[in-house]
Amino acid sequence: MIARKDLVLEFRTRTAFLSAAVFTALVLTVFNFGRDPTAVPTLDLAPSILWVTFTFAAMLAFNRAFQLELENDALDALLVSPISRSSLYLAKFVANCVFVGVVECVGLPLFVLFFDVPVWGVLAPLAGVIALATVGFVAVGTLFSAMVIRTRFAELMLPVLLLPFLIPPLVGAVQVTAALLAGRPLSEVTGWLRLLAAYDIVFLALAAVLFPTTVNE
Amino acid sequence: MLRAEGLRHTFGSVRALDGISFTLSAGQTLVLFGPNGSGKTTLLRVLAGLIRPLEGYAAVTGGRRAVGWIGHQSHLYGHLTVRENLRFWAALYDVPAAQREARAGELLHRLGVADRADVPVRVLSRGLTQRVTIARALMHDPSVLLLDEPFTGLDLAAAAQFRALLAELTGAGRIVVLATHNVDEGVELATDVAFQARGRFVHFAPRGTRGAGDIADAYRLAVVGA
Amino acid sequence: MTLAQRGRWVTLVGLILLAGVYVRALAFTPTEATQGLAQKIYYIHVPAAVWAEMSMIFIGLASVFFLFLKDPRLDRFAEASAQVGVIFALVVLTTGPIWGKPIWGTWWTWDARLTLTLLLFFIYLGYLVLRGAITDPGLRARYAAVIGICGLVLVPFIHFSVLMFRTLHPQPIVLKPSAPSLPGVMLVTLLFSFGVFTILYIGFVMQTYAIAVANETQVDG
C-alpha cells in the first residue's frame, strides 16, 4: 500500500524533478567556476562540494512532497483513510528517497565530469555511502517538512530547522567520500560508517514515531 | 452504526463543541443545519477521526474503512487525471483491482462526468471537480458518509443527480451525516434534522413530514432564540 | 510571591554571586602559566557551555513528557529553557573567541565545545523561529516538542562526530581548549561558577516562564 502511494508521487513529481536536476547541475557549475584549481587541491574540497549540493537539492524535494498534499487538502482525506500515520510517513520517506536518489544519479556523473575525480575504482562503496547518508537526510527531512509546510515562509524555515540536524551525517559522508576518493581503505573510516548507520536507524525510527504527532489534531 | 457521546472540544479559547451526543443507525440521514462557526465542521471532523475531542468519544462501526468523507476541499491531486485519482483512492481503501474501473465508470456516469475521465483534475471547473470529489468519497462503498457542505459548486442538475444517489444509498442502509447552511439542499433526504449553534444541538428531531419551509422557520426560531 | 518575583530574586542572587565569581577568578585564583589572564574567561565559558547543553536536554525531556501528558506547563518550560539556552550558547560563542584570540591567534576553532555549542545555538534558533511562526498554540506546542526531542537525540551524535573529527585532525599541542588538569584553587572557582550558573539558569527560566504565562493570560482576557 505504501508502494501505491509512491507511484502516485512519482507521476506528479515529474515537473518538480526537472527543476531539481537543473538546480543540481547549476550549483555544481557555479562551484566549478568559483574555485581556483591551483590554490587548493581539488580532492580536498570535492567531497564537501558534492555533499553540500546534494543537501540543497534534497531540500527542494522535501518541500514539494507535502506541498502536493496540501494543494487540495488531500492530506485530510489521507488521514481519514485506513492508512496508518506511520505508513504515510514511510510512503513519503520512500518517495523522497527515490526523488533525491534520482537527483544524485544526475549529480554524481556531473560532479565526476567537472571535478575530474577518480571515481571508477570506488563506485560501489561510494554509491553505498551516498545511499547511507541519503537515508538519514531524508528521514529527518521528511519529518520536518511535514511540520514546516503549515508555517509561513516554509521554504526558508526548512533549511533553518533542518541543517543543524544534518551536520553529523554530512560530516560523516564527507569524510568517507574523501577517504574513498583518496584511495584509502574503508577500514580507516569504520567509525564514520557506524555513525551514519546509527544515525539512520535512530532517526528513521524516531521520525516514524513522531510523525503522527505532526499530523494529528 | 454511528455513536457520539459527550463531545466537547475547544480551539484555544473557542468552544467548538459543547456537549453533543447522538446515535444513528442504518438508513438514517442526519442533516445538520447551522450558521458558519457553529461547529458543524468540527463535529464532522471528530466523527471522521481527524480530531480527537478533548472530552467524549465518537465511534463508527467498521472503523475508518467504512467512512466516506467530503470536506471543504476537493482532496484530489490536480496533476493526475480523474480516473487516476479515483483509482488511487480506491486502491488506498483496498477496493479489489478488478472492481476499480467498473466502479469508477459507474460513479462518473451517475454524476455526469464520464466524458472527462481522462482529464487532469486541475483543469476542471469547480462544479465538475465537486462531482469528482463525490465520486472519490463513494469509490469504496462506505457504509457511513460524512459530508461537509457537499452541494457547494454543484449546479441544479448535478445536485439532483447527487440527491438521487444519496437516496439510493440510504435506502440500502447507509448512514449519512450531512452538514449544510442551506435548508433546501438536503431536507428531503433527511430522516433526522439537527440545528447546531455555538457547539451544541439546539434541536434534534426526526424530520417527519415537514418540508423545507417549515424546517427553515423552526431553524430561525431555534437558532435566534438560543 | 509570584513566580516572576521569585524568579527575579533568584536571578539577583545569581548575578551577585556571578560578580563574586569574577572577583574570585580575578583576584583570588592564580593566573594560569601558559595562557595568562585570558584563561580566566574559562570560568564563565565552561559552565555556560555545560548549561547550554543542559538546557537542550531539559527541552528534550520536557518535550517527551509533554507529548504524553499534554500539560501546557511543560511546553512553557521548554520554551523558557530554549530562550535561556540560546543566551547561554551565545555567551559561550562570544567568550570562546575572546579566550581564543590571545592564546591561539585565531578567533575561531572547531574544538569540541565550540562546535557543539554552535550547533546547539542553531537548533535553539530554529526552535524559537518555528515557535514564532505558528499562531495556533496547540500546533505550536506539538511541533516544538518534536523538534525538542530530535534535538535531544542529536546531542550524542554531535558529540561523537566531533570526537571523531578531532582524532582525525589532532590539534597542535599549543591549542588546548579543553580544561587543563586543574590545581585545587582553580577547581574551586570553577565549581563555584557552575553553582552560580545553575542558579542563573533557574532564575532566568523562572522569569521567562512567568512572562510566558503573563502573555497567555493577556491574550485570552
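Protein chains in written order, with the working numbering: chain A, 1 to 217; chain B, 1001 to 1226; chain C, 2001 to 2221. Every residue gets a Cβ at the ideal spot worked out from N, C-alpha and C, and that includes glycine.
| Query | Result |
| --- | --- |
| Here's a check: name, in chain order, each residue in its chain whose Cβ is nearer than 8 Å to the Cβ of G121(A), leaving out the five neighbours to either side. | G183 |
| Closest to H1072(B) by CA distance: which of A1179(B), L1054(B) and R1198(B) is it? | A1179(B) |
| On the DSSP bridge list, what partners appear for T1180(B)? | F1033(B) |
| Indicate, with yes or no, if the ligand MG has a heavy atom lying under 7 Å from the CB of R1110(B). | As presented, the structure is devoid of all ligands, the ligand MG included, so that no description of it is given. |
| How many angstroms separate the CA atom of A58(A) from the CA atom of L108(A)? | 14 Å |
| Secondary structure at T55(A), three-state DSSP: helix, strand or coil? | helix |
| Does I1051(B) come out as helix, strand or coil in the three-state DSSP assignment? | coil |
| Three Cβ pairs or more, each shorter than 8 Å: is that satisfied between the region 2081-2090 of chain C and the region 2154-2165 of chain C? | no |
| With a threshold of 16 other CB atoms inside 10 Å of the CB of W2051(C), please say whether the residue is buried or exposed. | buried |
| What is the C-beta distance between S1074(B) and N72(A), in whole angstroms, given that I count them as a contact (C-beta under 8 Å)? | 5 Å |
| Would you mind working out which of T2011(C), A2214(C) and L2116(C) sits nearest V2092(C), comparing C-alpha positions? | L2116(C) |
| Sort out for me which residues DSSP pairs H1203(B) with in a bridge. | F1195(B) |
| Closest to Q2005(C) by CA distance: which of E2216(C), N2215(C) and G2203(C) is it? | G2203(C) |
| Need the endpoints of the beta strand (DSSP E) that F1011(B) sits in, please. | L1002 to F1011 |
| So the beta strand (DSSP E) T1023(B) belongs to, where does it begin and stop? | V1014 to L1024 |
| Quick check on the burial criterion: 16 or more other C-beta atoms within 10 angstroms. Buried or exposed for I2173(C)? | For I2173(C), the predicted model reports a pLDDT of 39, less than 50, meaning its position is unreliable and no value from the coordinates is stated. |
| Would you mind telling me which residues of chain A sit closer than 8 Å to I1051(B), beta carbon to beta carbon, in chain order? | E217 |
| Determine the chain B residues that contact V80(A) at a beta-carbon separation under 7 Å, and present them in chain order. | A1048, G1049, L1050, R1064, V1067 and W1069 |
| Going by DSSP, name the residue or residues bridged to A1058(B). | A1004(B) |
| Write down the C-beta distance between T142(A) and F62(A) rounded to the nearest angstrom, noting that I regard them as a contact closer than 8 Å. | 6 Å |
| Does the distance from the C-beta atom of V1014(B) to that of L1080(B) stay below 8 Å? | no |
| Using a Cβ-Cβ cutoff of 8 Å, what residues of the region 58-81 of chain A are near chain B? List them in chain order. | L68, E71, N72, D73, A74, D76, A77, L78, L79, V80 and S81 |
| Which bits of chain B does I83(A) rub up against, with CB to CB less than 7 Å? | L1092 |
| Would you please state the rounded distance, in angstroms, between the beta carbons of A1172(B) and G1034(B)? I believe it to be under 8 Å. | That pair is no contact at about 28 Å. |
| Applying a beta-carbon distance threshold of less than 8 Å, which residues of chain C neighbour V94(A)? | Under the 8 Å cutoff, chain C gives no residues; its nearest Cβ is about 20 Å from V94(A). |
| Could you give the residue range of the alpha helix (DSSP H) that holds V80(A)? | A74 to V80 |
| Taking only the alpha-carbon atoms, compute the straight-line gap between I1134(B) and V148(A) and give it to the nearest angstrom. | 30 Å |
| According to DSSP, simplified to helix, strand and coil, what is W2009(C)? | helix |
| So the candidates are E2053(C), A2025(C) and L2003(C); which of them puts its Cα closest to the Cα of P2198(C)? | The identity of residue 2198(C) in the sequence shown is Thr, whereas the question assumes Pro. Out of E2053(C), A2025(C) and L2003(C), E2053(C) has the C-alpha closest to the C-alpha of T2198(C). |
| Please determine, among N2215(C), L2012(C), V2205(C) and S2193(C), the residue with the shortest C-alpha to C-alpha distance to F2077(C). | V2205(C) |
| For V1067(B), write down the residues that DSSP places opposite it in a beta bridge. | V1144(B) |
| Under the assumption that L2018(C) contacts V2196(C) (Cβ atoms under 8 Å), give the Cβ distance between them as a whole number of angstroms. | 5 Å |
| Please report how far the alpha carbon of L1166(B) lies from the alpha carbon of V1187(B), in whole angstroms. | 12 Å |
| Indicate the three-state DSSP secondary structure (helix, strand or coil) for I167(A) in the structure shown. | helix |
| Between M2056(C) and chain A, is there a C-beta pair that is closer than 8 Å? | no |
| Going by DSSP, what residues sit across from I1175(B) in a beta bridge? | V1144(B) |
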